[in-house]
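Heads up, the thing below is written out as structure tokens.
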Amino acid sequence: MRIAVIGDVMLDEYAFGKVERISPEAPVPVFHYVSSKFLPGGAANVALNLARLGVQVYLYGIVGEDSDGEEVELLCQSVNIVPRFYRSKLRTLKKTRLLSKYHHVLRIDYEEKFLREEALALLDMVRVRDYDAVIVSNYDKGTVIEETLDFVKDNFPNSLKAIDPKSLFWKSGGFDIVKPNLSELRKAMNMPLEDIDEVREATERAYERLGVGAVVSTMGDRGMWIVSNEGEFYIPALKRDVIDITGAGDTVLAWVVWARLRGYDWKRTGEIASKAASITVSRLGAYAPTYEEVMGETNLR
């Protein structure tokens, strides 16, 4: 199985330390730094989830000419992801999370929105080949523009095409799978979406207007609604102790695509993705679950 991922590549840093006192200079905690762990983030986390499943992943994104960009590239190579990065004069996207006793203290974002010219240059690097699927992971950091979506639709007619659209929601027509979260769906539909029935209605409307194969609307601990050409399915979230929700949406997107390529119907696909996400949120950091962790129970096979 070969899959291309195009999107906003990030470096996730988890800085571990201790908070034991308040600063005498201002009413803020003093963070005593101990160590750091680095993981692929953003579109690279989608790629990581797929790589853990044994998929050959080609990751297309933009990074800076800096040590963070080199770190992301090395992290990808270490898990057999093929990185194909355009090098920008701007810095690599990076999120640093400060944690003490498994609690988030602060997040520091290092980001400048990449230029349109750089996003177009990245498309020149994308190899047009017979990928089983092409995934667009948009975090609205400049890597993904309207031309990116047109490029994917025009050049990969036989590939399964999936997108996490963010602000490009209404440009996603022609994709097979569109996966908004609750915030994105609320903004796109201009609806409050305060209960599950409203989410279902919004997902139905989006499905009809976009004309796609399926809309998968994730709702965090309330589960997900899937409206597809096979019908409508509500998939409840599995009950687990939630440690960290970072990366759960990336996990859902990756596992939905994998399950569909494996031939699972939409109901079973949703159940598999829900199980994968429940494992992700039960671990610290953007954890990518393994096949054995998710599919170990015979009722999911």
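So the sequence shown is numbered by our numbering: it starts at 147 and just counts up by one.
Ideal placement from N, C-alpha and C gives every residue a C-beta, glycine not left out.
Sequence-distant residues of the same chain with beta carbon closer than 7 Å to residue i, five excluded per side
i: THR444; result: Residue placement at THR444 cannot be trusted, given a pLDDT of 46 that sits under 50; what the coordinates show is reported in the next sentence. Contacts found: none.
i: GLY416; result: MET370, ILE372, PHE379 and ILE381
i: SER126; result: With the chain represented from 147 up to 447, any question about residue 126 goes unanswered, as that position is not in the structure.
i: LEU454; result: No answer is possible for residue 454: the residues shown for the chain start at 147 and end at 447.
Own chain, CB closer than 6 Å to residue i, minus 5 neighbours either side, in chain order
i: GLU159; result: SER182, PHE184 and THR242
i: VAL433; result: Just to set this straight, residue 433 is Tyr in the shown sequence, not Val. Contacts found: THR426.
i: SER424; result: LEU384 and ARG386
i: ALA193; result: VAL151, VAL203, LEU205 and ILE227
i: VAL274; result: ASN301
i: GLY442; result: none
i: ALA334; result: PHE315
i: ARG332; result: LEU339
Proximity winner among the options, relative to residue i (alpha-carbon distances)
i: VAL362; options: PHE315, VAL180, ASP390 and LEU157; result: PHE315
i: LEU157; options: CYS222, GLY200 and VAL272; result: CYS222
i: GLU217; options: VAL373, THR238 and VAL165; result: THR238
i: PHE260; options: PHE162, VAL403, PHE177 and THR289; result: THR289
i: GLY163; options: LEU245, GLU219 and GLU376; result: LEU245
i: HIS178; options: GLY188, ALA190, SER213 and LEU252; result: LEU252
i: ALA161; options: LYS312, ILE254 and ASP367; result: ILE254
Element boundaries [beta strand (DSSP E), containing residue i]
i: PHE297; result: Per DSSP, PHE297 belongs to no beta strand (DSSP E); it is in the alpha helix (DSSP H), 292 to 301.
i: VAL218; result: Run containing VAL218: none in the beta strand (DSSP E); it sits in the alpha helix (DSSP H), 213 to 224.
i: LEU244; result: 239 to 246
i: GLU378; result: 377 to 381
i: ALA190; result: Counting along the chain, ALA190 falls outside any beta strand (DSSP E), though it belongs to the alpha helix (DSSP H) covering 189 to 197.
Host alpha helix (DSSP H) of residue i (start-end)
i: SER169; result: It is not in any alpha helix (DSSP H) - SER169 carries neither H nor E in the DSSP assignment.
i: TYR353; result: 342 to 356
i: VAL427; result: 412 to 427
i: THR436; result: Here THR436 belongs to no alpha helix (DSSP H), and DSSP marks it neither H nor E.
Integer Cβ distance of residue i from residue j, believed to fall under 8 Å
i: ARG230; j: LEU205; result: 7 Å
Beta-carbon proximity list for residue i, same chain, < 8 Å, skipping 5 on both sides
i: TYR410; result: ILE418
i: VAL440; result: TRP401, ILE418, LYS421, ALA422, ILE425 and LEU446
i: ARG198; result: VAL225, ALA434, PRO435, THR436 and TYR437
i: VAL358; result: SER318, GLY319, GLY320, PHE321, ASP322, ILE323 and VAL324
i: VAL176; result: VAL165, GLU166, ARG167, ILE168 and SER169
i: SER234; result: ILE208, VAL209, GLY210, GLU211, PHE260, LEU261 and GLU264
i: GLU344; result: MET337 and PRO338
i: SER428; result: ARG386, ASP387, VAL388 and ILE389
**Asked** Does the stretch 342 to 353 come close enough to the stretch 292 to 301 to have 3 or more Cβ pairs within less than 8 Å?
**Response** no
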